[in-house]
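Those letters in the first sequence? Residues 85 to 587, by the working numbering.
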Amino acid sequence: MGDRNLTSDSDRPVRTRYAPSPTGPQHIGGIRTALFAWLFARRHGGQFILRIEDTDQKRTIPGSIEMILDAFDWLGMDIDEGPREGGAYGPYVQSERLELYQTWAKWLVENGYAYKCFATAEELAEMRKQVGGYDRRYRDIPTAESDDLEARGLPYVIRFKMPATGVTIGEDIIRGEVEFANDQLQDAVLLKSDGFPTYHLAHIVDDHYMRISHITRAVEWLPSFPLHIQIWNALGWEKPQFAHMPVFLNPNGKGKLSKRNAQFTDADGKSVPVLVHEFIEAGYLPAAVMNFLSNIGWNFGDNEEIFSTAQAIERFDLKDVNPANSAYPIAKLDWLNSQYIQRADVDELSQLLQPILEAAGYTVDEARLQRVVPLLQVRLKSTHDVVPMAGFFFADWSSFEAPPAEILIQRKMDGDGTAEILRGALLVLQALDSFKHDAQYAAMSKFAKAIGYKNGQVFGSLRAAVSGQKVSPPTFETMEILGKDESLRRIKLALQALIGQTD
RNA sequence: GGCCCCUUCGUCUAGCGGCCUAGGAUGCCACCCUUUCAAGGUGGAGACACGGGUUCGAGUCCCGUAGGGGCUACCA
């Protein structure tokens with residue numbers, strides 16, 4: 085029986101799916117589960133399907149499908165069949181398939197695998213209190229009685245007749261055989277009194293009709309795995325293979341990561357992104373997020389931490405997924421993101437940064453941005469860091485004001501010394517034929533040595549004078565981009581401000 | 001409570017009985033480099049939850065305990 089675990093030798097074409105409920109913004113946990121299904125489909129040249137499970141009308145939130153699609157688009161996970169893409173096995177929204185579920189629910193009743201249950205909500209609540217669950221009181225009533233109750237217009241649900249004895253063994257790709265005692269399970273509701281199916285019925289009907297070869301879903305579905313197996317058996321359909329995915333826990337390892345975590349901050353006071361739009365807003369690159377997500381619960385191997393989605397596709401396999409849940413290692417994403425920014429193409433990064441600068445109120449000269457970006461690449465953790473680091477390049481230069489003395493004057497320096505440096509720098513830089521940063525560096529190093537200051541002291545005052553900031557891209561590169569006239573003008577401004585304050 | 005799953009450095013992980021004196025990454029610390037901030041380089045501290053077995057040999061297999069997670073809805 086060793087071949088029961090094989091995931092790639094099945095003769096069925098690989099078709100995986102992500103089947104979220106449209107209940108609002110996309111949670112990163114669901115996306116990770118989807119990612120593994122997607123990687124597996126791509127690895128095997130199969131199809132990845134998006135199906136919307138909107139059988140709970142109360143929880144459905146309008147606009148959710150757009151949010152789901154936006155998340156997939158942003159991450160670059162292409163969908164082969166779905167509500168937007170269409171496909172041969174649609175519709176891909178469950179509320180549009182009600183008749184199908186009703187047909188099969190009826191079939192199960194007629195064939196003795198399910199029955200109508202007329203218990204009221206009050207009765208159910210009482211039973212839960214008394215015996216801990218539904219007592220199967222309608223399971224074996226005569227058909228005539230059931231028909232009579234229905235004829236009298238009493239609302240009912242259809243429940244599955246779970247075998248009362250024996251065990252059900254499920255084969256999970258990630259953890260092998262899992263055995264359940266049948267008497268532990270209740271007669272689950274298959275069709276609700278409003279005519280909508282529950283997940284238990286709907287997903288099986290759909291996965292069958294949509295030819296899904298591998299069902300991937302979060303571990304919280306494992307307890308109902310035996311129920312699903314029994315339903316598949318009752319229906320007599322060929323079962324797909326199953327993989328129950330580990331989930332993310334809170335960064336501290338306590339409790340499952342939930343949407344609510346978005347409201348909280350980690351130990352460093354940084355808010356923890358949990359919803360896909362929060363990753364976008366926080367300035368993470370989609371490639372970094374994909375790398376991050378695929379490196380939890382699975383790994384590329386070769387001690388390689390940084391790899392592309394294409395590389396992951398070449399190696400991914402469901403059976404290599406780690407069965408253990410994991411704390412959400414969000415700190416690693418900051419590092420990965422900075423690595424991706426460092427390696428990014430200047431044009432691409434410029435296009436990403438431009439709207440951020442513009443949103444911050446700057447007018448961006450694209451040519452200038454192209455020159456600034458290389459200076460930024462090793463300095464940005466998030467694309468949003470561009471604003472405090474380099475916004476000054478795109479501000480209105482004519483209204484530039486010299487920074488206050490406390491920024492101009494470096495450690496272990498005083499106003500007079502700083503003024504001396506700025507005066508000297510003015511003369512030295514003015515005399516330069518080339519305003520290239522290396523020429524500036526050479527001249528200013530020589531000057532610093534001549535007047536007996538350290539490079540840091542001299543360059544620091546200049547940095548403050550021309551950028552207005554304590555922290556900035558390298559000073560001489562900055563001046564080169566600002567140009568000689570503007571740089572000298574700013575140094576004069578700083579000098580005036582300093583003298584005005586220190587005299 | 002019952003049932004199911006999980007358990008290697010703080011965290012993400014490698015390890016599929018001897019290659020492990022347990023490897024990598026991140027985070028942290030130190031040093032180097034250095035015009036700020038970073039980046040980069042070098043080094044350091046840091047783990048097989050516990051107890052029994054099985055075996056010549058166990059991080060790797062089995063059982064138990066503990067801890068963690070989940071399910072126990074006419075939600076998914």
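Virtual Cβ for every residue (Gly too), placed ideally from N, Cα, C.
Would you report the Cα separation of residue i and residue j, rounded to the nearest angstrom?
i	j	result
Ser556	Met374	30 Å
Asp232	Asp401	53 Å
Lys338	Phe332	10 Å
Ala581	Arg547	15 Å
Asp157	Ile163	9 Å
Val405	Leu420	21 Å
Ala526	Ala503	21 Å
Val589	Gly536	No answer is possible for residue 589: the residues shown for the chain start at 85 and end at 587.
Leu436	Met161	19 Å
Glu322	Gln314	12 Å
Asn336	His468	26 Å
His298	Gln325	5 Å
Asp498	Gly508	16 Å
Pro97	Asp418	38 Å
Asp154	Gln110	9 Å
Ile505	Leu441	33 Å
Thr204	Leu275	15 Å
Tyr495	Phe132	Contrary to the premise, residue 495 reads as Arg rather than Tyr in this sequence. So the two alpha carbons sit approximately 60 Å from each other.
Leu184	Arg99	21 Å
Ala228	Phe120	49 Å
Thr91	Lys403	Reliability of the predicted coordinates at Thr91 is poor, the pLDDT of 39 falling under 50, and the value obtained from them is presented with this limitation in mind. The straight-line gap from Cα to Cα measures roughly 7 Å.
Glu490	Leu511	24 Å
Arg220	Val241	12 Å
For residue i, name the three-state secondary structure that DSSP assigns.
i	result
Leu90	Because Leu90 carries a pLDDT of 35, less than 50, the predicted location of this residue cannot be relied on, and the following value inherits that uncertainty. In the structure shown, Leu90 sits in coil (DSSP, three-state: anything other than H, G, I, E or B).
His128	coil
Lys403	helix
Ser53	Because residue 53 is not part of the residues shown, which for the chain are 85 to 587, the question remains open.
Arg96	coil
Tyr293	helix
Asp429	coil
Thr252	strand
Lys340	strand
Met236	Note on residue identity: the sequence assigns Arg, not Met, to residue 236. If DSSP states are grouped into helix, strand and coil, Arg236 belongs with coil.
Gln435	helix
Gly196	coil
Val457	helix
Tyr102	strand
Tyr380	It should be noted that the sequence gives Ile, not Tyr, for residue 380. In the structure shown, Ile380 sits in coil (DSSP, three-state: anything other than H, G, I, E or B).
Gln325	strand
Tell me whether residue i is buried or exposed, calling it buried when 16 or more other Cβ atoms sit within 10 Å of its Cβ.
i	result
Ala451	exposed
Ser434	buried
Lys200	buried
Ile288	buried
Asp522	exposed
Leu598	Here the chain covers residues 85 to 587 and nothing more, so residue 598 does not appear.
Ser148	buried
Ile425	buried
Ile145	exposed
Asp517	exposed
Val215	exposed
Ile253	exposed
Ser378	buried
Thr447	exposed
Out of the options, which one is the CA nearest neighbour of residue i?
i	options	result
Ser179	Gly279, Phe132, Gly160	Gly279
Asp290	Tyr102, Phe560, Pro487	Tyr102
Ala198	Arg126, Leu319, Pro97	Leu319
Phe476	Gly196, Asp431, Val456	Val456
Ile225	Leu274, Arg212, Lys245, Leu572	Lys245
Trp382	Asp219, Pro106, Leu123, Arg96	Leu123
Phe484	Gln438, Val550, Arg427, Ala272	Val550
Phe363	Ile414, Asp449, Glu207, Ala515	Ile414
His284	Arg116, Phe309, Glu398, Gln141	Phe309
Thr249	Glu255, Pro558, Gln270	Gln270
Ile136	Ala286, Asn195, Arg212, Val360	Ala286
Asn266	Glu255, Val241, Leu311	Leu311
Arg573	His292, Trp481, Val542, Glu261	Trp481
Ala371	Thr393, Ala172, Gly385	Thr393
Would you please state the rounded distance, in angstroms, between the beta carbons of residue i and residue j? I believe it to be under 8 Å.
i	j	result
His328	Ile258	6 Å
Gly113	Pro104	So it is not a contact: roughly 11 Å between Cβ atoms.
Ser545	Leu492	6 Å
Tyr222	Asn334	Contact flag wrong, Cβ pair sits at about 42 Å.
Pro281	Pro330	Not confirmed; about 28 Å, so no contact.
Is residue i a contact residue of the ligand ADP, with contact defined as CB to any heavy atom under 7 Å?
i	result
Pro146	The ligand ADP is not among the ligands present in this structure, which contains no ligands whatsoever.
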